[in-house]
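Chemist: Protein chains in written order, with our numbering: chain D, 12 to 308; chain L, 12 to 308. I have a structure here, written as structure tokens, and I will follow up with some questions on it.
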């Protein structure tokens, strides 16, 4: 496994792979890897000749009061998981290597960043767009793999790639969960035992909503949102940041009175939530497709 | 010469060249080509295996009251000049091909866009950044060639390429002039006979300034600017948009009282001007390097 700490090393390794006509699959991460990242690496391994993993806690996507400094890091464990998943190249730059000078260039994606985490974390997706754009230019991947836990991130990156004619295929991958349903996240490590047990409400409430939508009678968007909010506030100490139901991937609002069962066939919706347990903010979501019946996708 | 009107055709041609290990030199233009563009194509021809020319009048870089609709176009003449200069691939997309949907992604370069044409033409360089970024992703050039008549554009693109780690070398090329000194521009065709003759004041005043700076006594930044402004207002009907003296390529201001002869050795300055003759806005500039003496570069 080729560990590159500088852009020059990485570009050299990429050039060699390209010259041999090899396809490159890319998994950009902030490290502290878990089985969610593992599933991305395995998908990349399956599809490509060369797998590149990047590990970089990108300061540009953290707000001034967010958890940049205490974001968990464990390089040795990350490298072991990367090796397990048969990554070929691991790019681990320092902040100075990625940003040798203060960047004057900014990338903004309108509309799709207006709600959900874009509203709660101003500037977050500008930082994501900038670093992903830099990494795409450095790695020149054929395909890049992103987890659907960050469904809005996937939508933002797909829009950016489309608008800028970037020559990379974005591959969204399913959320990976603990046996009790909690979506894997590097931030789960922050949770106290109580909060860890309460945090199952996120996936449990999404599952309950899915059951109701798929097998029971009509529900409006507002009723869907209220069902989830009620479960969280009734059963846990979690503080709701947002629970929203939007069209996907445009992330445009729907009328609160819209009956999902009566939405246009082919419509896709996301139910997305962000909830704080103590100082730890967790997100989760479910995607639904309306056909003759509503399916979870 | 391979004429591509769609992105798919272009990407196919680029892929073929890449697979053969060929280097690509790229000249992005808005068409209505003149010898300025010719010099870029010849520079690209000299350095590369494959030369790609793009011709696209990009609506995103024109303001609402600018000359988008009447911007001159002559595809047949452009293709003849491209063939003369031995271009291999010419990309001529429609607006719908370049922007099939309204782009939600915007690219802004701070600081370097604040003055000169960035101040006179709000949004202009956002449009330039967007289209150049799209074209770089489509053409994947090793090198891209830009004329120094648009010195601010060169500075903006160099900053963007640096900040986004784009894998392309930017090659700035000298201004090409008519025998009487007027910088070549597609917009020169708009000038009346009187304005055409008056417009030589731009290069003449820059030349006079260069003589004074290189061979005569000390001058402050303010005196340099006033010399040029005086020549324009004394001798022509031209309406000054701006005359500025800035550091290059940062385009940061200098003190009006700065004596150029006493500036730090190695400093680079640009004297840039924009003047309207009738409804036609022309730009020109000169670059100076301070060593033991001041040199025009």
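No residue lacks a Cβ here, since even glycine has one placed at the ideal position from N, Cα and C.
Could you work out which residues of chain L lie near residue 115 of chain D, taking near to mean beta carbons separated by less than 7 Å?
Modeler: 120, 121, 122, 123, 170 and 174, listed in chain order.
Chemist: Does any CB atom of chain L fall closer than 7 Å to the CB of residue 240 of chain D?
Modeler: No, no contact with chain L.
Chemist: Smallest Cα separation from residue 98 of chain L: which of L:56, L:111, L:81 and L:75?
Modeler: Nearest option by C-alpha distance: L:56.
Chemist: Quick check on residue 149 of chain D - is its C-beta less than 7 Å from some C-beta in chain L?
Modeler: Closer than 7 Å: yes.
Chemist: Any C-beta of chain D sitting closer than 7 Å to the C-beta of residue 177 of chain L?
Modeler: Yes, residue 177 of chain L counts as interfacial toward chain D.
Chemist: Give me the DSSP bridge partner(s) of residue 287 of chain D.
Modeler: According to DSSP, which records beta bridges pairwise, residue 287 of chain D is partnered with D:250 and D:292.
Chemist: Excluding five sequence neighbours on each side, which residues of the same chain lie with their C-beta closer than 6 Å to the C-beta of residue 191 of chain D?
Modeler: Within the same chain, residue 191 of chain D has close Cβ partners 211.
Chemist: What does DSSP give as the partner residue(s) for residue 13 of chain D in the beta ladder?
Modeler: In the DSSP output, where bridge partners are listed per residue, residue 13 of chain D has D:100.
Chemist: Less than 7 Å separating the beta-carbons of residue 251 of chain D and residue 162 of chain D?
Modeler: No, the pair does not count as a contact, with Cβ atoms beyond the cut-off.
Chemist: Less than 7 Å separating the beta-carbons of residue 221 of chain D and residue 256 of chain D?
Modeler: No, they are not a contact pair.
Chemist: Using Cβ-Cβ distances below 7 Å, what residues of the region 135 to 146 of chain D are close to chain L?
Modeler: Residues passing the 7 Å Cβ filter: 144 and 145.
Chemist: Answer yes or no: do residue 186 of chain D and residue 168 of chain D have a C-beta to C-beta separation smaller than 7 Å?
Modeler: Not in contact: residue 186 of chain D and residue 168 of chain D (Cβ atoms no closer than 7 Å).
Chemist: Would you give the residue range spanned by the alpha helix (DSSP H) that residue 169 of chain L belongs to?
Modeler: 162 to 174 is the span of the alpha helix (DSSP H), which, as asked, contains residue 169 of chain L.
Chemist: Applying a beta-carbon distance threshold of less than 8 Å, which residues of chain L neighbour residue 18 of chain D?
Modeler: What residue 18 of chain D touches in chain L: 176.
Chemist: Please classify residue 88 of chain D: does DSSP put it in a helix, a strand, or coil?
Modeler: Residue 88 of chain D: helix per DSSP, three-state reduction.
Chemist: Kindly give me the distance between the Cβ atoms of residue 153 of chain L and residue 34 of chain L, rounded to whole angstroms, as I take these residues to be in contact under 8 Å.
Modeler: Contact flag correct, Cβ pair sits at about 5 Å.
Chemist: Could you give the distance in angstroms between the alpha-carbon of residue 127 of chain L and the alpha-carbon of residue 262 of chain L?
Modeler: Looking at the two C-alpha atoms, the distance is approximately 9 Å.
Chemist: What alpha helix (DSSP H) runs, 4 residues minimum, are completely inside the region 207 to 235 of chain L?
Modeler: As far as the region 207 to 235 of chain L is concerned, its whole alpha helix (DSSP H) runs of at least 4 residues are 212 to 226.
Chemist: Relative to the C-alpha of residue 301 of chain D, which residue among D:52, D:290 and D:270 is closest?
Modeler: Per the Cα distances, D:270.
Chemist: Please say whether residue 139 of chain L and residue 166 of chain L have beta carbons closer to each other than 7 Å?
Modeler: Not a contact, by the Cβ cut-off of 7 Å.
Chemist: From residue 290 of chain L to residue 104 of chain D, what distance separates their C-alpha atoms?
Modeler: One C-alpha to the other measures close to 51 Å.
Chemist: How long is the line joining the alpha carbons of residue 172 of chain L and residue 278 of chain D, rounded to whole angstroms?
Modeler: About 39 Å.
Chemist: Could you give the distance in angstroms between the alpha-carbon of residue 80 of chain L and the alpha-carbon of residue 108 of chain D?
Modeler: The straight-line gap from Cα to Cα measures roughly 45 Å.
Chemist: Quick check: residue 174 of chain D and residue 114 of chain L, are their CB atoms within less than 7 Å of each other?
Modeler: Yes, the pair counts as a contact, with Cβ atoms nearer than the cut-off.
Chemist: Whole-angstrom Cβ separation of residue 101 of chain L and residue 147 of chain L, contact assumed at under 8 Å?
Modeler: Residue 101 of chain L to residue 147 of chain L, Cβ: 17 Å. No contact.
Chemist: When the Cβ atoms of the region 26 to 42 of chain D are set against those of the region 60 to 68 of chain D, are three or more pairs found closer than 8 Å?
Modeler: Yes, the region 26 to 42 of chain D touches the region 60 to 68 of chain D.
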